[in-house]
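J.:
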Amino acid sequence: MDIAKKHFLVVALLWIFAPMAWVLMWQDKRYHTWFPTLLWINGIIFTIVFTTQAFLILPKLTYFYAKYNIHSLPRFNNAIAIFLIIFAVFQIIFGFHLKKKIQKKGKILDHYMGIIFVILSLDFLLGILTGLLSLLLPVNKMTFSPR
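Its first residue numbered -1, the sequence shown is counted upward by one per residue in the working numbering.
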């Protein structure tokens, strides 16, 4: 497979099914330099989303629920958001550390690959769970709430 087609395949898989793209990137050392960039992108996106949620949206929701005496407070609290923000910032810092290691060694060592796969897998699961919970919780409340 020529390089342009493989680049397209990896980028397409990153959008469609990221774990398959990670395996292809791990097998071909040319793509090892992409892992720090993935960590930065995921870390920045999660930092923005969870910071906005924790410090802008949740306080307004809490105020709204208290004002109208609604007892169904959001389950996603600030402690979880702060943990996720720390996790996202760690990803960014780890991405910079990885970039330095790749510049020295020319590739990523296997023990770093394990850490990368764990982080990216957690990102993948967080993305799926956040989407599913955002979709299913309102439907569940509408379906099973007392009338």
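Idealized CB from N, CA, C, for every residue including glycine. Computed from a predicted model, the values in this text were never measured in an experiment.
For Leu22, collect the residues of the same chain with a Cβ closer than 6 Å to its Cβ; drop the 5 residues on either side in sequence, then sort them by chain order.
T.: Along the sequence shown, one-based indexing puts residue 22 at 24. Closer than 6 Å at Cβ, skipping near neighbours: Val8.
J.: Could you tell me the alpha carbon to alpha carbon distance between Lys209 and Leu12, rounded to whole angstroms?
T.: As shown, the chain starts at -1 and ends at 145. That puts residue 209 outside it, with no answer to give.
J.: What residue from Ala86, Ala64, Gly112 has the CA that sits closest to Trp38's CA?
T.: Taking the sequence shown and counting its residues from 1, one reaches residue 38 at position 40. Minimum Cα distance to Trp38 is reached at Ala86.
J.: Compute the Euclidean distance between the alpha carbons of Pro149 and Trp24, then round it to the nearest angstrom.
T.: Here the chain comprises residues numbered -1 to 145, so residue 149 is not present and cannot be evaluated.
J.: Taking its Cβ as the centre, do 16 or more other Cβ atoms sit within 10 Å of Asp121, making it buried, or is it exposed?
T.: On the sequence shown, residue 121 is found 123 positions in, with the first residue counted as 1. Under this definition Asp121 is a buried residue.
J.: Please classify Gly41 as buried or exposed, where buried requires at least 16 neighbouring CB atoms within 10 angstroms.
T.: Along the sequence shown, read from residue 1 onward, the residue named residue 41 stands at position 43. Answer is buried; the Cβ neighbour count reaches 16.
J.: Is Phe15 helix, strand or coil when you go by DSSP?
T.: In the sequence shown, counting from the first residue as 1, residue 15 sits at position 17. Residue state, collapsed to three classes: coil.
J.: Within its chain, find whatever has a CB closer than 6 Å to the CB of Pro34; leave out the 5 residues flanking it on each side and keep chain order.
T.: Sequence index remark: in the sequence shown, residue 34 carries index 36 (1-based). Result list for Pro34: Gly93, Leu96, Lys97, in chain order.
J.: Does at least one heavy atom of the ligand ATP sit under 7 Å from the Cβ of Leu22?
T.: In terms of ligand content, the structure shown is empty, and the ligand ATP therefore cannot be addressed.
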